[in-house]
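First to last, the protein sequences are chains A and B. One rule links them: number in my numbering = place in the first sequence (from 1) + 126. One rule links them: number in my numbering = place in the second sequence (from 1) + 308. The structure appears right after this line, and notes come after that.
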Amino acid sequence: MSSSTLINGLFIFMLAGFIGFEVIRRVSPLLHTPLMSLTNALDAIAVVGAIVLVGEHKSTLTAVLGTIAVVAATSNIVGGFLITDRMLKMFKSSRPASKS
Amino acid sequence: MNEFAGSQHIIEAIYLVASALFILSLKWMSSPTTARRGVWAGELGMLLAIAGTLLHGGIVDYKWIAVALVLGTIIGIPLGRVQMTAVPQRTALSHAFGALCVTLVGTAEFYLRTPDISRFMMAVLSMEVILGSLTFTGSLMAAGKLQEILPQRPLTYKGQNFVNFLLLGVALVIAVYLVLHPDARQLYPFMLVIALAFGVLLVIPIGGADMPTVISLLNAYAGLSAAAMGFVLNNKLLIVAGALDGSSGLILSVIMSKAMNRSFTNVLFGAFGQVQASAAAGAEAKPVKSATAEEAAAILSAANKVVVVPGYGMAVAQAQHKVRELYDALSKRGVDVRFAIHPVAGRMPGHMNVLLAEADIPYDRLMDMDDINGDFPQTDVALVIGANDVTNPAARSDASSPIYGMPILDVDKAHTVMVIKRGMSPGFAGIDNPLYYLDNTLMLFGDAKAFVGSIVRELTGTGHA
């Protein structure tokens, strides 16, 4: 990694950190649990690194480690999105004039 | 670097789109009306990123990728279908899985790249692996405590912090040594094992009431380790996702620590020194007033404004559906019923909101602490269900109390306070609650679910018979 790619990476990290801070600050406390499930699922994007590791198959060790990593991350993606959506479906506003 | 230049450009473009979708996804989470759109944006971004990655020119073997993706999906589906009351432990478990992935990839990269690795790269890789492995074991411990496989009580011993910092110190020394001498590969497993042990020891002294802070903190660690992995792999999408997840966890940790009146450094270093209220308070019998379900129902139906304060006890008793029946019965009589949610009520941020939403209580009836605290003096009845420390007026008035300074729900200012509680035992932190001895407080002794159920029967029985 040359020093310019390092600097690029740090810029991206800094900007994404600020965006994350500003965006997440606005999330209502009502939704903090689904927020955490969602960021968990998004964080499992680490799967892309693991996929390359398995696919390149440079050694048995890396392929085995990568395969376990893909399994762990994929279960987070599938489980995380599923439960976030299930939770959000439950949040309903007062039904319009349901006074019997 | 450029041998797969063609496909590499396409992949980078796809990652760019995926990053934008991830940011939109979090932006749409800000309100319940757009939140589901946020999930779809996240899913689309994820699908694109995975599909794009499969184009990677270096991939020679798709078989194991397919097997792993299918296996992960098979494990993930039940994890997405757990009961709502099990969401805190599921979340902790998914932090563990995320951290496991990061740690394994980091380990593989270490053995692939050393000894020809730049110092910066080795430093970031060490950070990735140390953060990842301590988050892995720490989250497993948290999940075990929440699932009650492990004892929920904090396990403390003398010199605990010293041992913890010593371990972390040794891991960091090894990391520095590896940065300077990347050919000392035999040291790597030691660093890994020490970081794993540190994660266990970090969470052992933490009690259930501190779980919201711990889960948020582990969330931040998981995000930061993923961002570090992004630097190692020079993957910008991963840096973005890790930074987003890290800042989310950090913000939640800060909110939780403020709500418990803990300093931020206290949280950052995981020194959750559980307040040991060794003075076994509550031993001397002070007089309390108690009431039956019938009396409680009469008072509630005569009220105009009722505020319900739910806590972890409601989750344990699975009382949320009975609470919903109470809400319906009172609303039908024209009583204005709202819910006051303390930020650290329950075992993770937003825990109570999800349980009440599951019971079909409209979310516009759920109020944050800051929005409702001013309304308690105009509230006829504050009904506390399974909450304790977050209603303790000692936090406002008694400087000697271990929770002094913690922001609380001012239920004692309501005209009448009713507290549903199993008995007079003090709360999780072992702190006596003066609320129970106030003149305007009525204790309703019993199981939350059963007691709310009998109040509902009283209300509907007289209403419809």
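Where a beta carbon is used, it is the ideal one built from N, C-alpha and C, also for glycine. These numbers were taken from a predicted model, which means no experiment stands behind them.
*Applying a beta-carbon distance threshold of less than 7 Å, which residues of chain A neighbour residue 548/B?*
For residue 548/B, the neighbours in chain A by C-beta distance under 7 Å run, in chain order, 138, 142.
*asked:* What residue range does the beta strand (DSSP E) around residue 648/B cover?
replied: From DSSP, the beta strand (DSSP E) with residue 648/B extends over 644-649.
*Using a Cβ-Cβ cut-off of 8 Å, state whether residue 714/B counts as contacting chain A.*
False, the Cβ-Cβ gap to chain A never drops below 8 Å.
*Does DSSP classify residue 154/A as helix, strand or coil?*
Three-state DSSP puts residue 154/A in coil, outside helix and strand.
*asked:* By the 8 Å beta-carbon criterion, what residues does the region 192-214 of chain A contribute toward chain B?
replied: Flagged, chain order: 192, 193, 194, 195, 196, 197, 198, 199, 200, 201, 202, 203, 204, 205, 206, 207, 208, 209, 210, 211, 212, 213, 214.
*For the 8 Å Cβ check, are there 3 or more pairs between the region 334-351 of chain B and the region 201-218 of chain A?*
Here the region 334-351 of chain B makes contact with the region 201-218 of chain A; the two share three or more CB pairs at distances below 8 Å.
*CB residue 541/B to CB residue 637/B, shorter than 8 Å?*
Note that the C-beta distance between residue 541/B and residue 637/B is not below 8 Å.
*asked:* Taking beta-carbon pairs under 9 Å, can you tell me which members of the region 162-178 of chain A lie near chain B?
replied: Across the region 162-178 of chain A, CB contacts with chain B closer than 9 Å involve 162, 163, 164, 165, 166, 167, 168, 169, 170, 171, 172, 173, 174, 175, 176, 177, 178, in sequence order along the chain.
_With a threshold of 8 Å between beta-carbons, can residue 398/B be considered close to chain A, or not?_
Answer yes: the Cβ-Cβ gap between residue 398/B and chain A drops below 8 Å somewhere.
*Proximity to residue 498/B [Cα-Cα], best of 515/B, 684/B, 511/B, 476/B*: Checking every option, the nearest Cα to that of residue 498/B belongs to 476/B.
*Beta-carbon neighbours of residue 150/A, restricted to chain B and to distances below 7 Å*: Residues of chain B whose Cβ lies closer than 7 Å to the Cβ of residue 150/A are, in chain order, 334, 555, 556, 559.
*For the alpha helix (DSSP H) containing residue 438/B, list its first residue and its last residue.*
That run of the alpha helix (DSSP H) goes 427-454.
*Output yes or no for whether 8 Å exceeds the beta carbon distance between residue 647/B and residue 675/B.*
Less than 8 Å divides the Cβ of residue 647/B from the Cβ of residue 675/B.
*asked:* Tell me which residues share the same chain as residue 232/A and place their Cβ nearer than 7 Å to its Cβ, disregarding the 5 neighbours each side in the sequence.
replied: Residue numbering for chain A in the displayed model covers 127 to 226; residue 232/A lies beyond these limits and cannot be assessed.
*asked:* Rounding to the nearest angstrom, what Cα-Cα distance links residue 620/B and residue 454/B in this structure?
replied: In this structure, the straight-line span from the alpha carbon of residue 620/B to that of residue 454/B is close to 12 Å.
*asked:* Using a Cβ-Cβ cutoff of less than 6 Å, which residues in the same chain neighbour residue 431/B once the five nearest sequence positions on both sides are dropped?
replied: So the list reads 487, once near-sequence residues are dropped.
_8 Å Cβ cutoff met for residue 719/B and residue 750/B_ = Not closer than 8 Å, so no.
*Got a sec? Which residues, its chain only, sit under 6 Å from residue 536/B by beta carbon, not counting five neighbours each side?*
If the five residues before and after residue 536/B are omitted, its C-beta is found closer than 6 Å to the C-beta atoms of 432, 435, 436, all from its own chain and listed in chain order.
*What in chain B is Cβ-close to residue 219/A, meaning under 9 Å?*
Against chain B, a Cβ distance below 9 Å from residue 219/A picks out 340, 341, 670, 671, 672.
*From residue 140/A to residue 151/A, what distance separates their C-alpha atoms?*
Linking residue 140/A to residue 151/A through their CA atoms gives a straight-line distance of about 16 Å.
*Give a yes or no on whether the minimum CB-CB distance between residue 154/A and chain B is below 8 Å.*
With 8 Å as the cut-off, residue 154/A counts as an interface residue toward chain B.
*asked:* Just to confirm the assignment: which complete beta strand (DSSP E) runs, minimum length 3, are found wholly within the region 502-571 of chain B?
replied: Runs of the beta strand (DSSP E) inside the region 502-571 of chain B: none found.
*Residue environment, residue 219/A, which counts as buried when at least 16 other CB atoms sit within 10 Å*: Looking at its Cβ environment, which holds fewer than 16 other Cβ atoms inside 10 Å, residue 219/A is exposed.
*Looking at C-beta atoms only, is the number of pairs between the region 556-568 of chain B and the region 591-606 of chain B that lie closer than 8 Å three or more?*
The region 556-568 of chain B vs the region 591-606 of chain B: no contact.
*Tell me whether residue 464/B sits in a helix, a strand or coil according to DSSP, three-state version.*
DSSP, reduced to helix, strand and coil, places residue 464/B outside both helices and strands of the structure shown, so it counts as coil.
*asked:* Using the Cβ count rule (16 or more neighbours within 10 Å means buried), how would you classify residue 515/B?
replied: Around the CB of residue 515/B, 16 or more other CB atoms lie within 10 Å, so the residue is classed as buried.
*Cβ of residue 315/B less than 8 Å from any chain A Cβ?*
No, residue 315/B does not count as interfacial toward chain A.
*Three-state class that DSSP yields for residue 726/B in the structure shown*: In the structure shown, residue 726/B sits in a strand (DSSP, three-state: E or B).
*Hey, how far is the Cα of residue 508/B from the Cα of residue 473/B?*
Cα-Cα distance, rounded: 13 Å.
_Which residue marks the beginning of the beta strand (DSSP E) containing residue 613/B, and which one marks its end?_
That run of the beta strand (DSSP E) goes 613-618.
*Name the chain A residues whose beta carbon is nearer than 7 Å to that of residue 530/B?*
In chain order: 169.
*Contacting positions in the region 372-394 of chain B - beta carbon closer than 9 Å to chain A*: So the close ones are 372, 373, 375, 376, 377, 378, 379, 380, 381, 382, 383, 384, 385, 386, 387, 388, 389, 390, 392.
_Which complete alpha helix (DSSP H) runs does the region 363-437 of chain B hold, if anything under 4 residues is left out?_
Positions of the alpha helix (DSSP H) runs, each at least 4 residues long and wholly inside the region 363-437 of chain B, are given as 371-388, 395-421 in order along the chain.
*When burial is assigned at 16 or more other CB atoms within 10 Å of the CB, is residue 557/B buried or exposed?*
Within 10 angstroms of the beta-carbon of residue 557/B lie 16 or more other beta-carbons, which makes it buried.
*asked:* Need the endpoints of the beta strand (DSSP E) that residue 687/B sits in, please.
replied: Unbroken run through residue 687/B: none, as it is neither H nor E.
*State the start and end residues of the unbroken beta strand (DSSP E) segment that holds residue 284/B.*
Because chain B here runs from 309 to 773, residue 284/B falls outside it and cannot be looked at.
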